[in-house]
Amino acid sequence: MKHLLSTKDLGSKQAVSLLDTALEFAEVAARSVPKLPTLRGVTMVNLFMEDSTRTRLSFEAAAKRLSADVMTFQATGSSVSKGESLHDTAQTLEAMGADIIVVRHSAVGAAEELAHSGAVATPIINAGDGTNEHPTQALLDAATLRSVFWEEPRGRDLAGLKVLVVGDIAHSRVARSNAVLLTALGAEVTVAGPEEFLPEDVSSWPVASTTDFDAAIHAEPDAVMMLRVQHERRTAGDQVSLDEYVNDFCLTEERANRLPADTIVMHPGPMNRGVEIASAVADSDRSVVLEQVRNGVSVRMAVLFEVWGDRS
Ligand code: CP
Numbered sequence: 038m039k040h041l042l043s044t045k046d047l048g049s050k051q052a053v054s055l056l057d058t059a060l061e062f063a064e065v066a067a068r069s070v071p072k073l074p075t076l077r078g079v080t081m082v083n084l085f086m087e088d089s090t091r092t093r094l095s096f097e098a099a100a101k102r103l104s105a106d107v108m109t110f111q112a113t114g115s116s117v118s119k120g121e122s123l124h125d126t127a128q129t130l131e132a133m134g135a136d137i138i139v140v141r142h143s144a145v146g147a148a149e150e151l152a153h154s155g156a157v158a159t160p161i162i163n164a165g166d167g168t169n170e171h172p173t174q175a176l177l178d179a180a181t182l183r184s185v186f187w188e189e190p191r192g193r194d195l196a197g198l199k200v201l202v203v204g205d206i207a208h209s210r211v212a213r214s215n216a217v218l219l220t221a222l223g224a225e226v227t228v229a230g231p232e233e234f235l236p237e238d239v240s241s242w243p244v245a246s247t248t249d250f251d252a253a254i255h256a257e258p259d260a261v262m263m264l265r266v267q268h269e270r271r272t273a274g275d276q277v278s279l280d281e282y283v284n285d286f287c288l289t290e291e292r293a294n295r296l297p298a299d300t301i302v303m304h305p306g307p308m309n310r311g312v313e314i315a316s317a318v319a320d321s322d323r324s325v326v327l328e329q330v331r332n333g334v335s336v337r338m339a340v341l342f343e344v345w346g347d348r349s
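Counting from 1 along the sequence shown, just add 37 to a position and that's the residue number in this note's numbering.
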């Protein structure tokens with residue numbers, strides 16, 4: 038795997054191998070000195086054209102745990118304001134010593150285009166391209182599901198696991214990447230949201246879909262993944278009223294109480310508390326939100342290890 042651009046490029050075998058490697062790296066975090074020399078002398082650059090807390094910082098933490106050097110580029114305050122392109126920015130960073138470039142961009146396909154353009158020779162990791170894909174988020178979500186459902190008394194893997202993804206599916210790269218990856222790993226994924234938030238091509242996704250959140254709760258999912266309403270990607274013609282959305286799709290305490298006792302609640306963050314998820318649910322024993330964040334570091338360690346090992 039020279040680049041990680043899309044979950045579609047990962048077969049189930051490669052995904053499981055990455056998740057296994059992540060599990061080994063997770064043990065490093067528990068050490069008194071949580072560091073390995075694996076990527077000593079390698080420079081990873083975070084090239085972030087969109088805002089981020091979790092992804093940017095966990096790539097940074099992952100690289101540092103593998104002893105790599107880290108450079109961070111943020112669009113705000115950079116020469117992007119003077120019209121510098123993604124290609125020119127990436128080439129500039131490569132000339133400064135970047136060995137691996139992690140890209141977040143608002144344009145669909147930005148990371149893929151950079152990887153295949155020949156503009157730079159470095160491995161490229163997609164940290165989110167517009168509404169398209171967020172492969173490391175899907176991997177960390179799979180790692181979290183695996184770790185939770187392996188534990189006794191559950192003792193099962195992802196095969197047949199019922200995962201309900203709820204919210205602004207149309208604008209969500211997290212939903213797209215999870216639909217591909219979790220189904221490749223054997224999970225049964227259902228997406229739920231108001232008609233306007235379901236993608237027009239949802240019938241071509243490897244998932245079931247519904248506009249009835251309460252019926253989907255009644256179907257007793259093993260995991261419910263709540264997604265943020267992406268106000269920054271909504272359009273003027275978008276008819277969804279926020280009040281109606283909260284009424285029909287917020288995971289309230291009352292709705293959570295109707296879930297089976299061992300159903301877990303996930304959220305990729307950042308959360309809009311009181312919109313898609315009630316605070317009481319986000320902070321409840323069902324919530325594995327911070328476990329997802331923790332797994333993000335070890336999953337990204339595994340991805341960095343893999344792309345660096347496979348560079349040609
Ligand atoms: N989940 C996620 O991508 O969060 P950030 O936008 O904070 O990186």
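Where is the CB? At the ideal position from N, CA and C, for every residue including glycine.
Tell me whether N163 sits in a helix, a strand or coil according to DSSP, three-state version.
strand
In chain order, each beta strand (DSSP E) run of at least 3 residues that lies wholly inside the stretch 245–330
245–247, 260–263, 301–303
At a cut-off of 7 Å, is T90 close to ligand 1 when judged by its beta-carbon and the heavy atoms of the ligand?
yes
Expected contact under 8 Å - CB spacing of G167 and S143 to nearest Å:
5 Å
Does any heavy atom of ligand 2 sit closer than 7 Å to the C-beta of A252?
Here the bound small molecules are ligand 1; ligand 2 is not part of this structure.
In chain order, what residues of the same chain have a beta carbon less than 8 Å from the beta carbon of A164, not counting five sequence neighbours either side?
N83, F85, S89, T92, R93, F96, V139, V140, R141, A148, H171, T173
How far does the beta strand (DSSP E) with T109 in it extend, from its first residue to its last?
106–111
Is the CB-CB distance between V145 and L151 below 8 Å?
no
Note the first and the last residue of the continuous beta strand (DSSP E) segment covering A158.
Unbroken run through A158: none, as it is neither H nor E.
P243 CB to nearest chain D CB: under 8 Å?
Here there is only one protein chain, and chain D is not present.
So the beta strand (DSSP E) H124 belongs to, where does it begin and stop?
Not the beta strand (DSSP E): H124 falls in the alpha helix (DSSP H), residues 123–132.
Outcome for G197 when other beta-carbon atoms lying within 10 angstroms are tallied against a minimum of 16
exposed
Tell me, which residues are paired with I137 by DSSP?
M81
Take V326 and list the residues in its own chain whose beta-carbon comes closer than 6 Å to its own, dropping the five residues that flank it on each side.
H304
Using three-state DSSP, classify T75 as helix, strand or coil.
coil
Strictly by DSSP, which residues pair up with K199?
E225
Give the secondary structure of H142 by DSSP, where H, G and I count as helix, E and B as strand, and everything else as coil.
strand
Per DSSP, which residues does L41 bridge with? Please list them.
I162
Quick one, which of A63, Q51, R102 has its alpha-carbon nearest L73's?
R102
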